[in-house]
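K.L.:
If you read the protein sequences in the order shown, they are chains V and G. All letters in the first sequence, in the order written, are residues 30 to 351 by my numbering. All letters in the second sequence, in the order written, are residues 2 to 501 by my numbering. Where is the CB? At the ideal position from N, CA and C, for every residue including glycine.
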Amino acid sequence: MRRRFMKAVWLILAVIIVTLTNIDAKAAEEFPNRPIEFVVCYPPGGGADLSARIILPEVEKHIGAPIYITNKAGGEGTVGVSYALNKKPDGYTLFGLHQSSTFVGRVFGQLPYDFNEIYPISNWIDNLNIFAAKPNSPLKMFKDLLEYARQNPGKLKYGVPSKRTSQGIGAELLLSDARLDIVAVPFKGSGPTMTALLGGHVDLASIPYAMAKPHIQAGSVRALVVFGKKRVEELPDVPTAVELGYEEAPLAIAGAGVSAKVPQDRIEKLNRAFEKAMKDPKVLDQLRKAGFDPVYMDQGAFKKHILEGVEKVNRIKDRLKD
Amino acid sequence: MDFLQNLLFGFQVVLHPTNLFLAFVGCVIGTLTGVLPGLGPSAAIALLLPGTFHLTPVGAIIMLAGIYYGAMYGGSTTSVLVNIPGETASVVTCLDGYRMACQGRAGPALAVCAIGSFIAGTLSVVGLMLMAPTLAQVALSFGPPEYTSLMIVGFVILTFLASSSMPKALIMAAFGLFLSTIGLDAVSGESRFTLDIIDLNDGIGLVPVVMGLFGISEVLLNLEQIQGNPEILKGKILHLYPTREDWAKLLPASLRGTIVGFFLGILPGGGAVLSSFVSYAIEKRTSKYPEKFGTGVIEGVAAPESANNAATGGAFVPLLTLGIPANIVMAILLGAFMIHGITPGPMIIQEHPDVFWGLIASMYLGNVMLLILNLPLVGIWVQLLRVPYKILFPLILLFCLTGVYSVSMSRVDILVMIIFGVVGYVSRKTGYEAAPLILALVLGGMFENSLRQSLMMSGGNPSIFFLRPISFAFMLIAIVLLLVPVVLRRKPVPLLVEAR
Chain V
30 MRRRFMKAVW LILAVIIVTL TNIDAKAAEE FPNRPIEFVV CYPPGGGADL
80 SARIILPEVE KHIGAPIYIT NKAGGEGTVG VSYALNKKPD GYTLFGLHQS
130 STFVGRVFGQ LPYDFNEIYP ISNWIDNLNI FAAKPNSPLK MFKDLLEYAR
180 QNPGKLKYGV PSKRTSQGIG AELLLSDARL DIVAVPFKGS GPTMTALLGG
230 HVDLASIPYA MAKPHIQAGS VRALVVFGKK RVEELPDVPT AVELGYEEAP
280 LAIAGAGVSA KVPQDRIEKL NRAFEKAMKD PKVLDQLRKA GFDPVYMDQG
330 AFKKHILEGV EKVNRIKDRL KD
Chain G
2 MDFLQNLLFG FQVVLHPTNL FLAFVGCVIG TLTGVLPGLG PSAAIALLLP
52 GTFHLTPVGA IIMLAGIYYG AMYGGSTTSV LVNIPGETAS VVTCLDGYRM
102 ACQGRAGPAL AVCAIGSFIA GTLSVVGLML MAPTLAQVAL SFGPPEYTSL
152 MIVGFVILTF LASSSMPKAL IMAAFGLFLS TIGLDAVSGE SRFTLDIIDL
202 NDGIGLVPVV MGLFGISEVL LNLEQIQGNP EILKGKILHL YPTREDWAKL
252 LPASLRGTIV GFFLGILPGG GAVLSSFVSY AIEKRTSKYP EKFGTGVIEG
302 VAAPESANNA ATGGAFVPLL TLGIPANIVM AILLGAFMIH GITPGPMIIQ
352 EHPDVFWGLI ASMYLGNVML LILNLPLVGI WVQLLRVPYK ILFPLILLFC
402 LTGVYSVSMS RVDILVMIIF GVVGYVSRKT GYEAAPLILA LVLGGMFENS
452 LRQSLMMSGG NPSIFFLRPI SFAFMLIAIV LLLVPVVLRR KPVPLLVEAR
């Protein structure tokens, strides 16, 4: 009995020693030699989470190490980023980047970390936002809105998922450029905003196109204008804010970042893996199927885009204050 | 006839062996996540979501939905056995369920939960199937003013929850209201009372508060008595299944709970937690012996447990017909639909009849499976009461810790749970009940948001709450509910009792 027990102890010890030496030996090898953590800064099931779960399996193949996802939601995307930045900057912790955890948060001084500590690797998708009118609204086109709102200042109400989202910024920019007085009613997220629009509790809403798509197709809700400069493919007749002569709103971003302290050669490797994945037609197809609009930006373009975002939001920040 | 044909088509889809198996797996996982305190269906569905990428869309949705309604079956188990809700929607079940267990009636209490859940689950699927598009219109007619008035009714109902001292219940409710203001203000985007802790920006989580107030404090209270009372149950376990008298009380209570739960479930944001509280309050208010509630009354278990199950059926209405998720679990399910290239919304029944009718049919089958699964489990769970507390309490603590952490992987949540464990311990020792706090925390955030939205819509004019018919009706209900006890109390109640 006793001998058997001693045998077991030796066996366990042997296993531990072998594993430990193995780890040591591997650590000397090349990056990456162990699983990489990807921190999604929003709850599972949302757009941020889904796009990551579509893209990362492909990145995994190109980087040669498994990538696992941790969902760290909260603080409008900043909780996850600060969690990741607090880890060792060895390239084994990546995180999702969004406008609120980069340029919007920066302008409003809400980042619990240093903005320059973020190294943007690649952008994946663009979120197109639209201004839509409620079911049975007499406002059929943007022109109608201009006319009616100018004659009846303060009478129309529009729903928006919080003022500091890309929807809030886009609408505020457009309304102030067009000198329209429309009252903003902020809701908690785009779901409740959409519900209020469908129920006719607000006249208009600034919402992601993906959310409104089924209702536009069913003919109940009508898109009046697309924020930014790119038209929605399925809505060839709806003009963009830029076409109408207004300023381009900063785009909603969704991409990947890493600590700026990570050695450059590791960043390069990650970069190449993301680029390959984002050029794979299979990934693009799956993203489109899930309702995203894939737009790839490499590190340089992505960084430039974020800095432009800072500048733009800075210019309109006083209008977003209350 | 169309319905029957469509339903048959749905059953054809579900009876495919793979789909049948997936529905079963979903129900089993759901029951387990329900039983484990803190670990909720949202965490389980999120974990399993990537695994469903390779399944067919129907299969994936059937399984994930099974986890959701399955969790509502399991959630009551720990409420009854150890006075710790397995799910936030099972908080109210503790009130009478645990008392029943203390009287040796844990078996009937658990059986009532399973049967009530089955009745409600099945009826809510019928409702979902027959009335989904109509109900979606009802849900849409609820704008911010209607929500505000509904929340006011909720606050009035809150006063019914007090079982001993009304002032103490109101103090706890006020504390709950304060807690609901913590976090980022949705209207201005400024943070309030967060002490610069970014984890608190999204507010104090409901799950850590519930686990603290009920789970941790329960363990602390029991530790005091551990020497004299090594087991929860001192007496005998009387019988396992409900008696005929129990059935007579169970059925009407369960039906009332189902109706309340289903309709509140349709409203985004309302859902299972609110409906369980409301149905309990209704039972207590309409009962011939309201004073006995909180001492182990069968209606106090049947109604809320039916309500939270019916709410799960209701919650599918806005998701399937409008593409709008009513709660976090539905948001994850929406993601599951999207990833398979299906956009839920007004067109889903035409474009993907297999998914819609398959899901409906799977919910009928799933509820039967859950009943068959849960009734024999009653016997096993009851035996758990025989486990010495010194073995049970470390396990409970472990499950609470892992469960709370699994919600959003936040260490702050664990801290919140521990703090509220102490708060709960002190408040229970001094006779302050936790249930009003929980309800106020649930109502507070929604009330504040919808009140401010309504006033923005009306330009600051409060008449908006009285000029819209639905909102006016709720206001009227609230006023009547408030006045009735005041008017009745004028009668010399003790005298009447003596005269009899």
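Within the 8 Å Cβ cut-off, does V:Pro141 reach chain G?
P.N.:
Numbered from its first residue, the first sequence carries residue 141 of chain V at position 112. At least one chain G Cβ lies under 8 Å of V:Pro141.
K.L.:
Does any residue of chain G bring its CB to less than 8 Å from the CB of V:Ala57?
P.N.:
As a first step, residue 57 of chain V is located in the first sequence; it is residue number 28 there, counting from the start. Low confidence applies here, because V:Ala57 scores a pLDDT of 47, under 50, leaving its location unreliable and the question unanswered by this model.
K.L.:
Spell out a yes or no on whether the region 84-99 of chain V and the region 133-146 of chain V are touching, meaning 3 or more CB-CB pairs, one atom from each, closer than 8 Å.
P.N.:
In short, these stretches do not touch, since the Cβ pair count stays below three.
K.L.:
When you compare each of V:Pro221, V:Ala247 and V:Lys346 to V:Ser235 by their alpha carbons, which one comes out closest?
P.N.:
Counting from one through the first sequence, the residue named residue 235 of chain V turns up at place 206. Here the closest residue by C-alpha is V:Pro221.
K.L.:
My output table needs one value for G:Gly206: the three-state DSSP class, helix, strand or coil.
P.N.:
Within the second sequence, residue 206 of chain G is the residue found at index 205, counting from 1. Note: G:Gly206 maps to coil in three-state DSSP.
K.L.:
Which of the residues in the region 166-198 of chain G, read from start to end, lie with their CB under 7 Å from any CB of chain V?
P.N.:
Cβ contacts with chain V come from Ala187, Val188, Ser189 and Gly190.
K.L.:
To the nearest angstrom, how far is the alpha carbon of G:Ala170 from that of G:Val443?
P.N.:
The residue labelled residue 170 of chain G in the question sits at position 169 within the second sequence. The residue labelled residue 443 of chain G in the question sits at position 442 within the second sequence. Approximately 15 Å between the Cα atoms of the pair.
K.L.:
Based on Cα-Cα distance, which residue from G:Ser409, G:Ser455 and G:Val405 lies nearest to G:Gly213?
P.N.:
In the second sequence, counting from the first residue as 1, residue 213 of chain G sits at position 212. With distances taken between Cα atoms, G:Gly213 lies closest to G:Val405.
K.L.:
For a cutoff of 8 Å on Cβ pairs, would you count V:Asn100 as touching chain G?
P.N.:
Along the first sequence, one-based indexing puts residue 100 of chain V at 71. V:Asn100 counts as touching chain G.
K.L.:
Between the C-alpha atoms of G:Gly35 and G:Gly41, what's the straight-line distance to the nearest angstrom?
P.N.:
Position 34 of the second sequence, counted from the start, is the residue given in the question as residue 35 of chain G. Position 40 of the second sequence, counted from the start, is the residue given in the question as residue 41 of chain G. For G:Gly35 and G:Gly41, the distance between alpha carbons rounds to 6 Å.
K.L.:
Have a look at G:Leu497 and G:Gly177 and give me their C-alpha separation to the nearest angstrom.
P.N.:
The residue you call residue 497 of chain G lines up with position 496 of the second sequence. The residue you call residue 177 of chain G lines up with position 176 of the second sequence. For G:Leu497, the predicted structure reports a pLDDT of 35, less than 50, and the residue's modelled location is therefore unreliable. A value from the coordinates is still provided. Those two C-alpha atoms are separated by around 37 Å.
K.L.:
Which residue spans inside the region 354-428 of chain G form an unbroken alpha helix (DSSP H) run of at least 4?
P.N.:
Segments of the alpha helix (DSSP H) lying fully in the region 354-428 of chain G: 354-385 and 390-409.
K.L.:
Hey, which unbroken runs of the alpha helix (DSSP H) at 4 residues or more fall wholly within the region 130-189 of chain V?
P.N.:
You should have 132-136 and 171-180.
K.L.:
Do V:Ala252 and V:Val231 count as a contact pair if the criterion is CB distance below 8 Å?
P.N.:
As a working note, residue 231 of chain V is residue 202 in the first sequence. As a working note, residue 252 of chain V is residue 223 in the first sequence. No, they are not a contact pair.
K.L.:
Spatial neighbours of G:Tyr290 within its chain, please: C-beta separation below 8 Å, excluding the five flanking residues on both sides.
P.N.:
Reading the second sequence from its first residue, position 289 is the one you call residue 290 of chain G. If we look at G:Tyr290 and ignore the five residues flanking it on each side, its Cβ neighbours are Val298.
K.L.:
Taking the beta carbon of V:Val214 as the centre, do at least 16 other beta carbons fall within 10 Å, making it buried, or is it exposed?
P.N.:
For this step, residue 214 of chain V is matched to residue 185 along the first sequence. By the neighbour-count rule (16 or more Cβ atoms within 10 Å), V:Val214 is buried.
K.L.:
Taking three-plus beta-carbon pairs below 8 Å as touching, is the region 93-100 of chain V in contact with the region 141-161 of chain V?
P.N.:
In short, these stretches do not touch, since the Cβ pair count stays below three.
K.L.:
Assuming G:Gly272 and G:Ala327 are in contact, meaning their beta carbons sit under 8 Å apart, how far apart are those beta carbons, in whole angstroms?
P.N.:
Here residue 272 of chain G refers to the residue found at position 271 of the second sequence. Here residue 327 of chain G refers to the residue found at position 326 of the second sequence. About 6 Å; that satisfies the 8 Å criterion.
K.L.:
Give the secondary structure of G:Phe278 by DSSP, where H, G and I count as helix, E and B as strand, and everything else as coil.
P.N.:
Position 277 of the second sequence, counted from the first residue, corresponds to residue 278 of chain G. Three-state DSSP puts G:Phe278 in a helix.
K.L.:
G:Ile329 versus chain A: which residues are under 7 Å apart at the beta carbon?
P.N.:
Going by chain labels, chain A is absent from the structure shown, which instead holds the protein chains V and G.
K.L.:
Counting only Cβ-Cβ distances shorter than 8 Å, please list the residues of the region 388-419 of chain G near chain V, keeping chain order.
P.N.:
Correct list: Ser409, Met410 and Ser411.
K.L.:
Taking beta-carbon pairs under 9 Å, can you tell me which members of the region 342-353 of chain G lie near chain V?
P.N.:
Those residues of the region 342-353 of chain G that come within reach of chain V (Cβ to Cβ, closer than 9 Å) are Gly342, Thr344, Pro345, Gly346, Pro347, Met348 and Ile349.
K.L.:
For a test of the three-state rule: what should DSSP assign to G:Phe10, helix, strand or coil?
P.N.:
Walking along the second sequence from the start, residue 10 of chain G turns up at place 9. G:Phe10: helix per DSSP, three-state reduction.
K.L.:
For G:His55 and G:Ala24, I'd like the C-alpha separation in whole angstroms.
P.N.:
Position 54 of the second sequence holds residue 55 of chain G. Position 23 of the second sequence holds residue 24 of chain G. Approximately 16 Å between the Cα atoms of the pair.
K.L.:
In chain order, what residues of the same chain lie with their CB nearer than 7 Å to the CB of G:Ala362, ignoring the 5 residues before and after it?
P.N.:
The residue labelled residue 362 of chain G in the question sits at position 361 within the second sequence. So the qualifying residues of the chain are Leu8, Gly11, Phe12, Val14 and Val15.
K.L.:
Check whether chain G comes within 8 Å of V:Asp78, counting only Cβ atoms and requiring the distance to be less than that.
P.N.:
Position 49 of the first sequence, counted from the first residue, corresponds to residue 78 of chain V. Yes - at least one Cβ of chain G is within 8 Å of the one on V:Asp78.
K.L.:
List the residues of chain G that V:Leu227 touches, going by C-beta distances under 7 Å, in chain order.
P.N.:
Residue numbering aside, residue 227 of chain V sits at position 198 when the first sequence is read from its first letter. Going along chain G in sequence order, the residues near V:Leu227 (Cβ under 7 Å) are Leu141 and Leu323.
K.L.:
Thinking just about the alpha-carbon of each residue, which of V:Val339, V:Gly248, V:Lys242 and V:Ser249 is nearest to the one in V:Val255?
P.N.:
Numbered from its first residue, the first sequence carries residue 255 of chain V at position 226. Closest by alpha carbon: V:Lys242.
K.L.:
Would you give the residue range spanned by the beta strand (DSSP E) that V:Ala213 belongs to?
P.N.:
Taking the first residue of the first sequence as position 1, residue 213 of chain V is located at position 184. Taken as a continuous stretch (DSSP letters only), the beta strand (DSSP E) holding V:Ala213 covers Val212 to Pro215.
K.L.:
Look up G:Asp186 in the DSSP assignment and say whether it is helix, strand or coil.
P.N.:
For the purposes of this step, residue 186 of chain G is taken as residue 185 along the second sequence, with counting starting at 1. Looking at G:Asp186 - three-state DSSP - the assignment turns out to be coil, as it is neither helix nor strand.
K.L.:
Where V:Lys332 and G:Leu185 are concerned, what is the direct C-alpha to C-alpha distance, given to the nearest angstrom?
P.N.:
Here the question's residue 332 of chain V lines up with position 303 in the first sequence. Here the question's residue 185 of chain G lines up with position 184 in the second sequence. The straight-line gap from Cα to Cα measures roughly 28 Å.
K.L.:
Can you pull the chain V neighbours of G:Pro253, defined as C-beta to C-beta under 7 Å?
P.N.:
Looking up residue 253 of chain G in the second sequence gives position 252. Under the 7 Å cutoff, chain V gives no residues; its nearest Cβ is about 33 Å from G:Pro253.
K.L.:
Check the C-beta distance from G:Leu37 over to G:Val81 and give it rounded, since I have them as a contact under 8 Å.
P.N.:
Within the second sequence, the letter at position 36 stands for residue 37 of chain G. Within the second sequence, the letter at position 80 stands for residue 81 of chain G. Actually they are not in contact, since the Cβ atoms of G:Leu37 and G:Val81 sit about 15 Å apart, beyond 8 Å.
K.L.:
Helix, strand or coil: which one does DSSP assign to G:Ala500?
P.N.:
The residue labelled residue 500 of chain G in the question sits at position 499 within the second sequence. Bear in mind that the predicted position of G:Ala500 carries a pLDDT of just 34, short of 50, making it too unreliable to give a figure here.
K.L.:
Taking only the alpha-carbon atoms, compute the straight-line gap between V:Ala54 and V:Gly103 and give it to the nearest angstrom.
P.N.:
On the first sequence, position 25 is the one that residue 54 of chain V refers to. On the first sequence, position 74 is the one that residue 103 of chain V refers to. Only weak support exists for where V:Ala54 lies, its pLDDT of 48 falling under 50; the value from the coordinates is given anyway. Whole-angstrom Cα-Cα distance: 38 Å.
K.L.:
Touch check for the region 452-468 of chain G and the region 241-251 of chain G: three-plus C-beta pairs under 8 Å?
P.N.:
No: fewer than three Cβ pairs fall under 8 Å.
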